[in-house]
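Counting from 13, one number per residue, gives the positions in the sequence shown under my numbering. The C-beta atom is built at its ideal place from N, Cα and C for all residues, glycine as well. All figures in this text were calculated on a predicted structure; none of them were measured in a lab. Structure first, commentary second.
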Amino acid sequence: MLKSSSFLPFSVVFSLCLCRISLKKGLSIRDQMRAAGVLDDFLKHIKYDPVKKYQPSQGSVVREPIANHLDVSALRASSGTPQKFLVLFDTGSSNLWVPSTDCKSPACFNHAKFQPSASATFSPRGQSYNVSYGSGSVAIVLGSDTLRIQSITVREQELGLSQEEPTQPFYFAAFDGILGMAFPSLAVGGTATALGGMLEQNQLAEPVFSFYFSRQPTYDYGGELILGGTDSQLFQGDITWAPVTQRLYWQVALEEVAIGQSVTGWCSQGCQAIVDTGTFLLTVPQEDIESILEALGAQETSYGYAVDCSDTQSMPQLTFGIGGARLALPPAAAYSNGYCTLAIEATYLPSQDGQPLWILGNVFLKEYYTIFDMANNRVGFALSA
């Protein structure tokens, strides 16, 4: 959820009844650790190394329907009845947190809240952190409990219990918390990630997870998350694989960008792209935003980048060179919720290596079934069925 456009951003924008929210994931914690001289040692101990850690087992393949890009996880309570939460499964962040009964912010009033006293398996950890987003910070205190997602069970999973949440966007969000699925090096406080726990406790049949987002989502069905496997019926053709270029986000090299039949040359010196299920929009490097808007015939208005509704069929498609393949984004996919505005904005994150940075959010992921291979640190793309 680098940024969140989900509900207006969390980078998830839902059609019809969904509003767009705009959250931006900050890197201040990483910068603070670097300034304190502890970042290098920290990263040595928390990077995924699934090839060494993961031992194939009879783990689970779990299919979770995504309702409006959200899903349900459960934390076991002492009564045996799980405390259930709607969480955003977010490949753009790494922390797991849910609201707690100690949270007095308005954003916590209309969401499920975790009750530590109701769980015999809960253990307090005591450390407090701020998880920063563009609209503000979520203050959390750490604890651990058993995490269950259908047949997947992770014991002593570290999780954050929110103490304070900003009203925007969380008060209006349909989800209660966030389950981050990026690399451990992005986790604030160096907390253990949920995926790391699944791997270490051999809960997955394979060290992969995959997302399918419906091109025509309904309120009840927006797609599927498959933990521990893939489903060939949800995509067609070959899978294009691209190696992760930085074990922070699920980031891959972007070899070229074409508008219509013309290659722009914007990536002649290299570009990077973050694959983010927590972002709805396609984000474009700041230096290229004006050029792409001009090429697509869009103009900036108070409600977004507008295009001529009567001329949408002639709008050129965007094509991205990834993993040696050309992945096209049809013109119709670039519109926000069926309106005549582009689901495009300028990238809000700084580039880690100086190369132009794009974010491939839900607008792109509706077109491509996406596989996150934790053992080989690569991302697979195949045309959605």
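Burial check for C321: the Cβ neighbour count within 10 Å stays below 16, so the residue is exposed.
Within the same chain, and ignoring the five residues on either side of G189 in sequence, the residues whose Cβ sits closer than 6 Å to its Cβ are F97, V99, W109, V110. A direct Cα-to-Cα measurement between G208 and Y224 gives close to 22 Å. Scanning its chain for C-beta atoms nearer than 8 Å, with the 5 sequence neighbours on each side dropped, one finds around L395 the residues F247, Q248, G249, E379, Y380, Y381, in chain order. Taking F376 as the centre and dropping the five residues before and after it, the same chain places the C-beta of L294, L341 closer than 7 Å to its C-beta, in chain order.
When the alpha-carbon of T158 is set against those of W253, F134, F221, S72, the nearest one is in F134.
Look at the beta carbons and you see the stretch 298-314 not touching the stretch 252-264: under three pairs across the two are nearer than 8 Å. In the DSSP assignment, Q169 falls within the unbroken beta strand (DSSP E) covering 164-176. The DSSP assignment places complete beta strand (DSSP E) segments of no fewer than 3 residues inside the stretch 102-129 at 108-111, in order along the chain.
In the three-state DSSP reduction, D385 falls in the strand class (E or B). Three or more beta-carbon pairs drawn from the stretch 169-184 and the stretch 139-152 are found closer than 8 Å, and the two stretches are therefore classed as touching. Taking C-alpha positions only, G272 is separated from P343 by approximately 10 Å. A Cβ-Cβ separation of about 12 Å leaves F121 out of contact with T113 under the 8 Å criterion. One alpha carbon belongs to L191, the other to A358, and they sit about 25 Å apart. Taking all protein chains shown into account, S72 has 16 or more neighbouring C-beta atoms within 10 Å of its C-beta and is therefore buried. When the beta-carbon positions are compared, I238 and M210 stay at least 9 Å from each other. Fully contained in the stretch 265-325 are the following beta strand (DSSP E) runs of length 3 or more, in chain order: 268-271, 283-287, 294-296, 311-313, 316-318.
For W370 and S314, the gap between their C-alpha atoms comes out near 23 Å. For A132 and A86, the gap between their C-alpha atoms comes out near 15 Å. E268 is a Cβ neighbour of T276, given a cutoff of 9 Å. Here D232 is exposed, its C-beta having fewer than 16 other C-beta atoms within 10 Å. Here V256 really is in contact with V391; their C-beta atoms are around 7 Å apart, less than 8 Å.
Closest in alpha carbon position to I251, among P77, D102, D385, is D385.
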